[in-house]
Amino acid sequence: MTHSDTCEASSHGEESRRMDAPTDARRNLVANFRSVSVQGAPDPGPDRLGPPAEALARWLDEYHAAYVEANEEENGGSLHLLHARTLTLAGDHLLGATEDVVTMVRAAMRGGMSTTLAVSVSAMAAHPHALAALRDAVPLQYRIDCTSLGPQSSPQALAACRATLSAHVEAGGNVSLIGEVATIRATGLLADELFNRNFLTITPRPHPGTRHMNRPHALAPCRDYIAWFIDAAGDVYPCAGMLGHAPARFGSIHEPFSRLIDALAYSAVTIDSLSRRGPRIADDHARFPADLCALHRLSVHGIATL
Amino acid sequence: MPSPDRFLLPLTYNTLVVESTTRCNAKCGMCYQGAGPKGSDYLGDAALTVDEIKRVLRSAATMPSVGRRFHMAGGESFIKMDESVEVFATAAHLGYTDISCTTNAYWAADVFKAHRVAQRLRDAGVLRMEISWDWWHGPHISPQAINNCLVACAANDISSNLRVLTTRSHSAEEALAMLSPAALAKVSFATSAPVYKVGRALEIPDEDIYSSSEEATCHTALNLTVNARGDVSPCCAGFDQTDHALFGNVREHELADIAEEINRSLLIRMVVFEGIASLRPILALLGEETKPRYTSICGMCFEIFSDKSKLARLTRFFEEMEAAALEEAFEQLQLAPVLEAAA
Numbered sequence: 000m001t002h003s004d005t006c007e008a009s010s011h012g013e014e015s016r017r018m019d020a021p022t023d024a025r026r027n028l029v030a031n032f033r034s035v036s037v038q039g040a041p042d043p044g045p046d047r048l049g050p051p052a053e054a055l056a057r058w059l060d061e062y063h064a065a066y067v068e069a070n071e072e073e074n075g076g077s078l079h080l081l082h083a084r085t086l087t088l089a090g091d092h093l094l095g096a097t098e099d100v101v102t103m104v105r106a107a108m109r110g111g112m113s114t115t116l117a118v119s120v121s122a123m124a125a126h127p128h129a130l131a132a133l134r135d136a137v138p139l140q141y142r143i144d145c146t147s148l149g150p151q152s153s154p155q156a157l158a159a160c161r162a163t164l165s166a167h168v169e170a171g172g173n174v175s176l177i178g179e180v181a182t183i184r185a186t187g188l189l190a191d192e193l194f195n196r197n198f199l200t201i202t203p204r205p206h207p208g209t210r211h212m213n214r215p216h217a218l219a220p221c222r223d224y225i226a227w228f229i230d231a232a233g234d235v236y237p238c239a240g241m242l243g244h245a246p247a248r249f250g251s252i253h254e255p256f257s258r259l260i261d262a263l264a265y266s267a268v269t270i271d272s273l274s275r276r277g278p279r280i281a282d283d284h285a286r287f288p289a290d291l292c293a294l295h296r297l298s299v300h301g302i303a304t305l
Numbered sequence: 000m001p002s003p004d005r006f007l008l009p010l011t012y013n014t015l016v017v018e019s020t021t022r023c024n025a026k027c028g029m030c031y032q033g034a035g036p037k038g039s040d041y042l043g044d045a046a047l048t049v050d051e052i053k054r055v056l057r058s059a060a061t062m063p064s065v066g067r068r069f070h071m072a073g074g075e076s077f078i079k080m081d082e083s084v085e086v087f088a089t090a091a092h093l094g095y096t097d098i099s100c101t102t103n104a105y106w107a108a109d110v111f112k113a114h115r116v117a118q119r120l121r122d123a124g125v126l127r128m129e130i131s132w133d134w135w136h137g138p139h140i141s142p143q144a145i146n147n148c149l150v151a152c153a154a155n156d157i158s159s160n161l162r163v164l165t166t167r168s169h170s171a172e173e174a175l176a177m178l179s180p181a182a183l184a185k186v187s188f189a190t191s192a193p194v195y196k197v198g199r200a201l202e203i204p205d206e207d208i209y210s211s212s213e214e215a216t217c218h219t220a221l222n223l224t225v226n227a228r229g230d231v232s233p234c235c236a237g238f239d240q241t242d243h244a245l246f247g248n249v250r251e252h253e254l255a256d257i258a259e260e261i262n263r264s265l266l267i268r269m270v271v272f273e274g275i276a277s278l279r280p281i282l283a284l285l286g287e288e289t290k291p292r293y294t295s296i297c298g299m300c301f302e303i304f305s306d307k308s309k310l311a312r313l314t315r316f317f318e319e320m321e322a323a324a325l326e327e328a329f330e331q332l333q334l335a336p337v338l339e340a341a342a
């Protein structure tokens, strides 16, 4: 721990309470940061596809060690908090860097995490050999983005999507799709025996109209969005909504994990509050997550104002 | 190869599941609970009272082996809407962070009522609603009720999961084609899975069922389940519908004590960590026949634990194993002479 003093803390209207930095950091880490999501650059140039695999693997090892230690201290080694933890690797560039993916997946496995690869169906179609290599090397779940298809997609495009997914399922892959139900239906795969015999999940990409948040009664709206989010530069953020927002940056994977302890201690109350009640935005009509996260970002000028 | 380390793990549960009633307004041909208007084909007509469910909620909230998730199912639990709302509000008050339910959405046939009910449920703390819909629900539930339910959930910030079951003759597409595209655009998740041969689905011919591997294990998919009779099971995928009463009833014992009983059961640990197929050679040894092929692990579990003769023999076998293991442990600790002297 780099910060061990105690002080009175008051944040977001919480009652004044004793703050014990090491304890708060451990509690915050165990309760809220169970998973890691690594995002590729939205418009990747040749040098900025994603954080370097070796650096991320080292950071993951340090994170696991800290997590297990904190779980022992805070919860007596609760198995609940150790299972169902995931590393999500997102970005089509990953299919051009299979060795990096294998390095990161193995680091996740050392810590008992499963790995999900989030890629687009068009990237899968373009890299069949990469998929085969990954299948042979490491266990992976896939989240397949089909949002490039829409009502205007040609019959050929829909057929190509179905063919790619069929090859994936025949090779033993899971079927977790992101896309509009109507579009997925248009491919015809919901009538296909190959897909009906498997578990299939369709998650429409959230758009502003899909979640009109009932704010006064909101329970845990941000909970599923709080995790380590790492951008292409290796910068670490505490939730999906803050990814890339510099004032909310907790640290970097290029630094030792222990450097995050101060940020974890300092944000323990606010992250708990976010997890339970969401951001305190006055606009009751803000929709979640689209509007609410945007408004929240505007109000965050540093970790203290999360 | 069985892992001895894994076998020593305590059982942990993702969710507390309460099946509040065996009654359902529908009587679907694939229902794993065999539920209907007069109760269950397997468990009869049974229901838990609100006070009993509250006691279960309080008990589970203190158990380290159960996640802070609460899911209420039936039958169709919303045939008692006021009681269901009271239970959800209690769960929220007790600090359950993920509160969900399963419904067939019959209550949403009227669009205005659908919105009123969804708002009540959301105010009581329901975050997610699993809506069952497929070819078998068709004769009992109007597609319009499902449409209204999906729209009402979206309007009231309840995450909806449209759950569709399939067989070779009834696809996911067939089920979705009955619903309005505008309502389908409101779903938070749509999931499709094959029907397992559990409960009333036993009547569906084998050749119509998609089969899956017998070799899988289920230790990461456990839910501590209290069925409508108050009997407790480690899962809600068929074992909970068997007339076993193996571990205890919440009307007679504390849930935590029953969970500890399950945790100690060698029989359950074998099933959970090594897979239900690991009972095959034991049943053969005991002279009990098993089918050459089951269509899924849940179907196999349901059929074995529904068979009183197999269950009695298995229970006795594992009790004898436990006794022998204890005896061996005492011998290894060189306590046998002391015990003999004491006897």
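Protein chains in written order, with numbering that gives the first Met the number 0: chain E, 0 to 305; chain C, 0 to 342.
Cβ coordinates follow ideal geometry from the N, Cα and C atoms, glycine included.
Would you verify that the beta carbon of residue i is, or is not, closer than 9 Å to some beta carbon of chain E?
i, result
"C:Ala108", "no"
"C:Pro9", "yes"
"C:Tyr209", "yes"
"C:Asn262", "no"
"C:Ser58", "no"
"C:Ser232", "no"
"C:Arg292", "no"
"C:Arg115", "no"
"C:Leu175", "yes"
"C:Leu245", "no"
"C:Val16", "no"
"C:Ala215", "no"
"C:Leu266", "no"
"C:Ala324", "no"
"C:Ser191", "yes"
"C:Thr219", "yes"
Since residue i sits in a beta bridge, which residues does DSSP pair it with?
i, result
"E:Leu263", "DSSP, once it has assigned bridges, lists no residue as partnering E:Leu263."
"C:Val16", "C:His70 and C:Thr224"
"C:Met299", "Note: C:Met299 sits in no beta bridge, so no partner."
"E:Gly250", "E:Val235"
"C:Pro101", "Position check: residue 101 of chain C holds Thr in this sequence, whereas Pro was assumed. C:Glu129, per the DSSP bridge assignment."
"E:Ala117", "E:Ala89 and E:Arg142"
"E:Val174", "E:Leu199"
"C:Val231", "C:Val225"
"E:Ala125", "None; E:Ala125 has no bridge partner."
"C:Arg22", "C:Gly35"
"C:Asp165", "Asp is not the amino acid found at residue 165 of chain C; the sequence shown has Thr there. According to DSSP, C:Thr165 bridges with C:Pro193."
Does residue i come within less than 9 Å of chain C when only Cβ atoms are used?
i, result
"E:Arg184", "yes"
"E:Val180", "yes"
"E:Thr85", "no"
What is the rounded straight-line gap between the Cα of residue i and the Cα of residue j?
i, j, result
"E:Arg134", "E:Val101", "10 Å"
"C:Arg127", "C:Ile98", "7 Å"
"E:Thr269", "C:Asn146", "38 Å"
"C:Ser212", "C:Phe238", "18 Å"
"C:Ala154", "E:Thr87", "30 Å"
"E:His216", "C:Thr314", "Unreliable placement is indicated for E:His216, whose pLDDT of 45 sits below 50; the coordinate value is still reported in the next sentence. Going from the Cα of E:His216 to the Cα of C:Thr314 covers about 48 Å."
"C:Val49", "C:Arg22", "16 Å"
"C:Lys290", "C:Leu282", "11 Å"
"C:Pro336", "E:Ser34", "53 Å"
"E:Gly111", "E:Ala56", "13 Å"
"E:Glu98", "E:Pro255", "23 Å"
"C:Arg199", "C:Ala144", "24 Å"
Under the three-state reduction of DSSP, which class applies to residue i: helix, strand or coil?
i, result
"E:Ala83", "coil"
"E:Asp19", "strand"
"C:Gln333", "coil"
"E:Ile143", "strand"
"C:Gly94", "coil"
"E:Val229", "Strictly speaking, residue 229 of chain E in this sequence is Ile, with Val absent from that position. Residue state, collapsed to three classes: strand."
"E:Gln38", "strand"
Nearer than 8 Å: is that true of the beta carbon of residue i relative to any heavy atom of the ligand GDP?
i, result
"C:Thr14", "In the structure on display, the ligand GDP does not appear, and there are no ligands present to speak of."
Q: Tell me, please, whether the segment 247 to 263 of chain E touches the segment 75 to 88 of chain E by the rule of three or more beta-carbon pairs shorter than 8 Å.
A: By the C-beta criterion, the segment 247 to 263 of chain E is judged not to be in contact with the segment 75 to 88 of chain E, since fewer than 3 inter-stretch pairs fall below 8 Å.
(Q) Any contact between the segment 55 to 74 of chain C and the segment 239 to 257 of chain C? By contact I mean 3 or more CB pairs, one from each, below 8 Å. (A) Result yes; three or more Cβ-Cβ pairs closer than 8 Å.
(Q) Count Cβ pairs between the segment 182 to 195 of chain E and the segment 155 to 168 of chain E that sit closer than 8 Å; are there 3 or more? (A) Contact between the segment 182 to 195 of chain E and the segment 155 to 168 of chain E is present, because at least three Cβ pairs lie under 8 Å.
Q) Counting Cβ pairs closer than 8 Å, one from the segment 65 to 78 of chain C and one from the segment 90 to 97 of chain C, do we hit at least three? A) Counting C-beta pairs closer than 8 Å gives three or more between the segment 65 to 78 of chain C and the segment 90 to 97 of chain C, which meets the contact rule.
(Q) Does the structure place the segment 258 to 267 of chain C close enough to the segment 194 to 214 of chain C that three or more beta carbon pairs sit under 8 Å? (A) Cβ pair count under 8 Å is below three, so no.
Q: Would you check if there are 3 or more beta carbon pairs closer than 8 Å linking the segment 158 to 165 of chain E to the segment 178 to 188 of chain E?
A: Three or more beta-carbon pairs drawn from the segment 158 to 165 of chain E and the segment 178 to 188 of chain E are found closer than 8 Å, and the two stretches are therefore classed as touching.
Q. On the three-pair Cβ rule with 8 Å, is the segment 71 to 87 of chain C touching the segment 9 to 28 of chain C?
A. Between the segment 71 to 87 of chain C and the segment 9 to 28 of chain C there are three or more inter-stretch CB-CB distances shorter than 8 Å, so the stretches are counted as touching.
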